[in-house]
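Heads up, the thing below is written out as structure tokens.
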Amino acid sequence: MSTANVSHSSSGEYHHHTAHHFENAEAEYNASKFGVWLFLCTEILMFGGLFVGYIIYHQRYPEIFHTGAKFLDWRLGATNTVVLLISSLTMALSIYYAQVNNKKMVLVNLYVTLACAFVFLGIKWIEWSHKIHEGLLPGRLFHYDGPEAAVKDLPMYFGFYFGMTGLHASHVICGMALIVWLIVRAHKGHFGKNYWTPLECVGLFWHLVDLIWIYLFPLLYLIG
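Counting in this note's numbering, the sequence shown runs from 110 upward without gaps.
Pasting the structure below:
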């Protein structure tokens, strides 16, 4: 459970006071989580549209997607999957340690989560830079001259690839900014057994980011 608005007591502990428009701390906590869940529903609708589009075009043009998938390294995709799963675990652990008043472990787990996000983006940049160098780009930007270029409409596959992974990466970056915000607040001692709502709300967003990648990995790296 949680409240809002930070104050500092003579004992050095931070106390959060329920915002005036809520009846109590529980109402504020539930409203915060409900708001995040509503936002996550819109995210699911957005990515869901991309997934449906991918599946439809994959069924209509299997040769294009089969050829395009050959340019992806499943080992890099699998590594990023493991990295994000670890980050989900550490994000959840940061909430647990806040609930037991262990500030040090809250920070440790938040820093590990942030480090995992950097590793994910680093691996993704290695993939992107290689494809950009080879000319494996969407639409008119496509200028790859290898034998696979003879496959008609191959740029369409990379339109899906860069569109879906790029949108996902933008969410990873937003999540990283939120985690930095949590780290700053954790250093100030804002989280404990009476207040962990920001950790839980950001955690929900971060778990969704991880879940989306779990769907992207097989769609792009394996099924193709």
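A virtual CB, placed ideally from N, CA and C, is assigned to each residue, including glycine.
Taking the alpha helix (DSSP H) that H299 falls in, what are its first and last residues?
In the sequence shown, residue 299 corresponds to position 190, counting from 1. First-last for H299: undefined, no H or E at that position.
Hey, which unbroken runs of the alpha helix (DSSP H) at 4 residues or more fall wholly within the segment 163 to 249?
171 to 178, 183 to 208, 212 to 243
With a CB to CB cut of under 6 Å and the five nearest residues on each side skipped, what residues in its chain are close to H316?
Counting from 1 along the sequence shown, the entry for residue 316 is found at position 207. Excluding positions up to five away in sequence, the list reads S197.
Please state the DSSP three-state secondary structure of I282.
By one-based count along the sequence shown, residue 282 stands at place 173. Three-state DSSP puts I282 in a helix.
Mind checking whether L185 and A295 have CB atoms under 8 Å apart?
In the sequence shown, the residue the question calls residue 185 occupies position 76. In the sequence shown, the residue the question calls residue 295 occupies position 186. Not in contact: L185 and A295 (Cβ atoms no closer than 8 Å).
Examine the Cβ distances between the segment 298 to 317 and the segment 239 to 254 and report whether three or more of them are shorter than 8 Å.
no
Three-state class that DSSP yields for F271 in the structure shown:
For the purposes of this step, residue 271 is taken as the residue at position 162 of the sequence shown. F271 falls in the helix class under three-state DSSP.
Between which two residues does the alpha helix (DSSP H) holding Y324 run?
As a position in the sequence shown, residue 324 is number 215, starting the count at 1. Start and end: 306 to 326.
Since L313 and L181 should fall inside the 8 Å C-beta cutoff, what is the C-beta to C-beta distance between them, to a whole number of angstroms?
Within the sequence shown, residue 313 is the residue found at index 204, counting from 1. Within the sequence shown, residue 181 is the residue found at index 72, counting from 1. Going by Cβ atoms, the distance from L313 to L181 rounds to 29 Å, so no, they are not a contact pair.
Given that a residue counts as buried once 16 or more other Cβ atoms are within 10 Å of its Cβ, and exposed if not, what is N189?
Taking the first residue of the sequence shown as position 1, residue 189 is located at position 80. It counts as buried.
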